[in-house]
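Heads up: the sequence shown runs through residues 8 to 330, numbered per the working numbering. Positions of the beta carbon are idealized from the N, C-alpha and C atoms, including for glycine. One structure is given below, encoded as C-alpha cells.
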Amino acid sequence: MKMNNYYLELFEGRKNIIILPHILPDGDTIGSSIALFYALKKLEKRVYIILNDKLPSNLKFLNANSKIITTEDFEKLSIKPDLIITVDSSDTDRLGDRAYLLDLCSEVLNIDHHSTNTNYGKYNLVNSKAAACGEIIYELLKKLKIYIDKNIATALYVALSTDTGSFKYSNTTPLTLRIAADLIEKGIDFSFINTELYQNKPINKIKLLSDVLNSLELHFDGKLAVIYVTNDMLKKNKIDISDTDGIIEYARDIEGVNIAVLLKEFSDNTIKVSLRSKYDFDVSIIAKKFGGGGHKKAAGCTIYDTIDNAKNILLNTFRENFR
Numbered sequence: 008m009k010m011n012n013y014y015l016e017l018f019e020g021r022k023n024i025i026i027l028p029h030i031l032p033d034g035d036t037i038g039s040s041i042a043l044f045y046a047l048k049k050l051e052k053r054v055y056i057i058l059n060d061k062l063p064s065n066l067k068f069l070n071a072n073s074k075i076i077t078t079e080d081f082e083k084l085s086i087k088p089d090l091i092i093t094v095d096s097s098d099t100d101r102l103g104d105r106a107y108l109l110d111l112c113s114e115v116l117n118i119d120h121h122s123t124n125t126n127y128g129k130y131n132l133v134n135s136k137a138a139a140c141g142e143i144i145y146e147l148l149k150k151l152k153i154y155i156d157k158n159i160a161t162a163l164y165v166a167l168s169t170d171t172g173s174f175k176y177s178n179t180t181p182l183t184l185r186i187a188a189d190l191i192e193k194g195i196d197f198s199f200i201n202t203e204l205y206q207n208k209p210i211n212k213i214k215l216l217s218d219v220l221n222s223l224e225l226h227f228d229g230k231l232a233v234i235y236v237t238n239d240m241l242k243k244n245k246i247d248i249s250d251t252d253g254i255i256e257y258a259r260d261i262e263g264v265n266i267a268v269l270l271k272e273f274s275d276n277t278i279k280v281s282l283r284s285k286y287d288f289d290v291s292i293i294a295k296k297f298g299g300g301g302h303k304k305a306a307g308c309t310i311y312d313t314i315d316n317a318k319n320i321l322l323n324t325f326r327e328n329f330r
C-alpha cells in the first residue's frame, strides 16, 4: 500500500502512543517497534511499547527491556492513548492477552507485511511484498522526514536480517538490500549485530536443540519433517519458549525435506505450530485452515489439543498434498 499523506498526518496532534509487538516476539516485531519508539520520541511523543512476553536472548543487546512495559505497568499510568500501533501482527489473535488494549482507542494503525492480514485497524499500512515490517517502518520514517540515526538503523537492520534469514530467504529483494546498505552507511556495527543475533546462543538453547532434534520424525518419503518443543524439554533445560526461534530451520534444512513443522507446547492443550517450506509449497494455506496465517514459505497457527493429536491432525491435512 502506498504511503500517502493520509498516514503521515496520523501522527499530528497525537501525544500518547502505544506500540504492540506480537506475542512470542521475534527480531522483526521487536526491531521495528524499537525503531518506531526512537523515531516517535524525536517527534516529542510519549511512546510506550507494551509486551508481556520475555524477549529472545539474542535480542538483549538492543536493550529493549528498558523501553518495554507490561500491561500491568501501563494500567498503573492511567493514560489514554491517542494512537495504537500494532506491529507485524496479521490479526488480533497475535496480540494475545493484550488485545483488549485496542478498546482503549479507535485510532488503530496496523503495520504489517503478511498477505493474510485481516485489516483489523482503522488504518492499515500493509504491504505483503515487504520482506519485513522493518522495510515498511523505514519507508514511513523517510516519508516523515525523521533522521534515521544509529539507534534506529540498528533496530531496523535487526528487523530486516532476522526476517530474511540473514538475507538468504527468497523474500529478500533488491529493495531489502538497498535499505540494508543505507542502514550500514548510518554507521551501525553490523558485524557485532550479526554476532549477537546468530553466534551467541546460550548453552541451554544448544542443550534444548539436542532434545528437539531427538524428536525428529520424517513423513511422506522424507518430504515433511516434524519436531517438538514440550514443556518438559523447556523445564529440563531451564529455558523460556521465547528462545525457540530458529530451531525449525534445522528440520527444514535436511536434504529431501520440503516442509518443516515445529510443534510448541505453549500450555496444556495449546500448541503453537510453525510451518516452513523450502521450495514452492504454500504453507500459509495450511495455517489458514486452523485460523492462522503468514507467508508462502513461513506461516503459523494454533491448535487447541494435545501435541500428539495436533501432529496427527496436521499430518492428515498434509496427506492430501502428498498423494
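- [ ] For my contact list, leucine 163 and glycine 38 are in at a C-beta cut-off of 8 Å; report their separation, rounded to the angstrom.
- [x] To locate residue 163, count along the sequence shown from 1; it is residue 156. To locate residue 38, count along the sequence shown from 1; it is residue 31. Contact annotation, leucine 163 with glycine 38: C-beta distance approximately 6 Å; criterion of less than 8 Å satisfied.
- [ ] Verify whether the separation of the beta carbon atoms of leucine 116 and isoleucine 86 is less than 7 Å.
- [x] Here the question's residue 116 lines up with position 109 in the sequence shown. Here the question's residue 86 lines up with position 79 in the sequence shown. No.
- [ ] With distances taken Cα to Cα, identify the nearest neighbour of lysine 48 among Asn201, Ser168, Lys304, Ile25.
- [x] Sequence index remark: in the sequence shown, residue 48 carries index 41 (1-based). Of Asn201, Ser168, Lys304, Ile25, the residue nearest in Cα terms is Ile25.
TODO: Assign serine 274 to one of three DSSP states: helix, strand, or coil.
DONE: Counting from 1 along the sequence shown, the entry for residue 274 is found at position 267. Correct three-state label for serine 274: strand.
TODO: Decide yes or no for the touch test of the stretch 148 to 168 against the stretch 117 to 127: beta carbon pairs closer than 8 Å, at least 3 of them.
DONE: no
Open item on the list: I'd like to confirm the pairing. Which residues does DSSP put opposite threonine 78 in its beta bridges?
Closed with: Here residue 78 is taken as the residue at index 71 of the sequence shown, counted from 1. Per DSSP, none; premise fails for threonine 78.
Open item on the list: Please state the DSSP three-state secondary structure of asparagine 319.
Closed with: The count along the sequence shown starts at 1 and reaches residue 319 at position 312. In the structure shown, asparagine 319 falls within a helical segment according to DSSP collapsed to helix, strand and coil.
Open item on the list: What does the alpha-carbon distance come out to for the pair lysine 83 and glutamate 114?
Closed with: Position 76 of the sequence shown holds residue 83. Position 107 of the sequence shown holds residue 114. Near 22 Å, if we compare the C-alpha coordinates of glutamate 114 and lysine 83.
Open item on the list: According to DSSP, glycine 307 sits in a beta bridge with which residue or residues?
Closed with: Taking the sequence shown and counting its residues from 1, the one referred to as residue 307 is at position 300. For glycine 307, which the question treats as bridged, DSSP gives the partners Ser281, Gly300.
Open item on the list: Using CA atoms only, rank isn't needed, just tell me which of Leu321, Tyr257, Ile266 is closest to aspartate 287.
Closed with: Along the sequence shown, one-based indexing puts residue 287 at 280. The candidate whose alpha carbon is nearest that of aspartate 287 is Ile266.
Open item on the list: What would DSSP say about serine 58, mapped onto helix, strand or coil?
Closed with: On the sequence shown, residue 58 is found 51 positions in, with the first residue counted as 1. It is leucine, not serine, that sits at residue 58 in the sequence shown. Residue state, collapsed to three classes: coil.
- [ ] With DSSP as the reference, label isoleucine 153 as helix, strand or coil.
- [x] Here residue 153 refers to the residue found at position 146 when the sequence shown is read from its first residue. Of the three classes helix, strand and coil, the one that applies to isoleucine 153 here is coil, per DSSP.
Task: Short Cβ contact (7 Å threshold) for leucine 223 with isoleucine 144 - done: As a first step, residue 223 must be located in the sequence shown, where it is residue number 216. As a first step, residue 144 must be located in the sequence shown, where it is residue number 137. No, Cβ-Cβ distance for leucine 223 and isoleucine 144 is not below 7 Å.
Open item on the list: DSSP three-state label for leucine 50, please.
Closed with: Along the sequence shown, one-based indexing puts residue 50 at 43. Here leucine 50 sits in coil by DSSP.
Open item on the list: In whole angstroms, give me the CA-to-CA distance for tyrosine 107 and valine 94.
Closed with: Here residue 107 refers to the residue found at position 100 when the sequence shown is read from its first residue. Here residue 94 refers to the residue found at position 87 when the sequence shown is read from its first residue. Their Cα atoms are separated by approximately 16 Å.
Open item on the list: Three or more C-beta pairs under 8 Å: does that hold for the stretch 164 to 176 against the stretch 191 to 200?
Closed with: Yes, the stretch 164 to 176 is in contact with the stretch 191 to 200.
Task: CB of alanine 294 within 7 Å of CB of glycine 307, strictly - done: Taking the sequence shown and counting its residues from 1, the one referred to as residue 294 is at position 287. Taking the sequence shown and counting its residues from 1, the one referred to as residue 307 is at position 300. Yes, they are a contact pair.
Open item on the list: Between the alpha carbons of cysteine 3 and asparagine 221, how many angstroms are there, rounded?
Closed with: In the structure as shown, the chain begins at 8 and stops at 330. Residue 3 is therefore absent and cannot be evaluated.
Task: asparagine 276 classed as buried or exposed, judged by whether at least 16 other C-beta atoms fall within 10 angstroms - done: Sequence index remark: in the sequence shown, residue 276 carries index 269 (1-based). Answer is exposed; the Cβ neighbour count stays below 16.
TODO: Leaving aside the five residues before and after proline 63 along the sequence, list all residues of the same chain whose C-beta is less than 6 Å from its C-beta, in chain order.
DONE: Within the sequence shown, the letter at position 56 stands for residue 63. Answer for proline 63: Ser249, Asp250, Asp252, listed in chain order.
Open item on the list: Between Leu241, Phe68, Asn126, which has its C-alpha nearest serine 96's C-alpha?
Closed with: For the purposes of this step, residue 96 is taken as residue 89 along the sequence shown, with counting starting at 1. Out of Leu241, Phe68, Asn126, Asn126 has the C-alpha closest to the C-alpha of serine 96.
- [ ] Reducing DSSP to helix, strand and coil, say where glutamate 262 ends up.
- [x] Taking the sequence shown and counting its residues from 1, one reaches residue 262 at position 255. In this structure, DSSP gives glutamate 262 a state outside helix and strand, which the three-state scheme calls coil.
TODO: Return yes when the Cβ of cysteine 140 is within less than 7 Å of the Cβ of aspartate 35, no when it is not.
DONE: Mapped onto the sequence shown, residue 35 falls at position 28. Mapped onto the sequence shown, residue 140 falls at position 133. Taking 7 Å as the cut-off, the Cβ atoms of aspartate 35 and cysteine 140 count as close.
Task: Close-in-space but distant-in-sequence residues of the same chain around lysine 22 (CB under 7 Å, 5 per side omitted) - done: Here residue 22 refers to the residue found at position 15 when the sequence shown is read from its first residue. So the list reads Lys52, Arg53, Asp89, once near-sequence residues are dropped.
TODO: State the Cα-Cα distance for the pair arginine 326 and valine 268, rounded to the nearest angstrom.
DONE: Locating residue 326 in the sequence shown gives position 319, counting from the first residue. Locating residue 268 in the sequence shown gives position 261, counting from the first residue. Using only the alpha carbons, I get a separation of about 14 Å.
Task: lysine 74 beta carbon less than 7 Å from that of isoleucine 57 - done: If you number the sequence shown from 1, residue 57 lands on position 50. If you number the sequence shown from 1, residue 74 lands on position 67. Result no, Cβ atoms of isoleucine 57 and lysine 74 do not sit closer than 7 Å.
- [ ] Mind reading off the beta-carbon distance from serine 291 to glycine 300? Whole number of angstroms is fine, and I expect it under 8 Å.
- [x] Along the sequence shown, read from residue 1 onward, the residue named residue 291 stands at position 284. Along the sequence shown, read from residue 1 onward, the residue named residue 300 stands at position 293. Serine 291 to glycine 300, Cβ: 6 Å. Contact.
Open item on the list: Helix, strand or coil, according to DSSP, for asparagine 23 in the structure here?
Closed with: Reading the sequence shown from its first residue, position 16 is the one you call residue 23. Strand, per DSSP.
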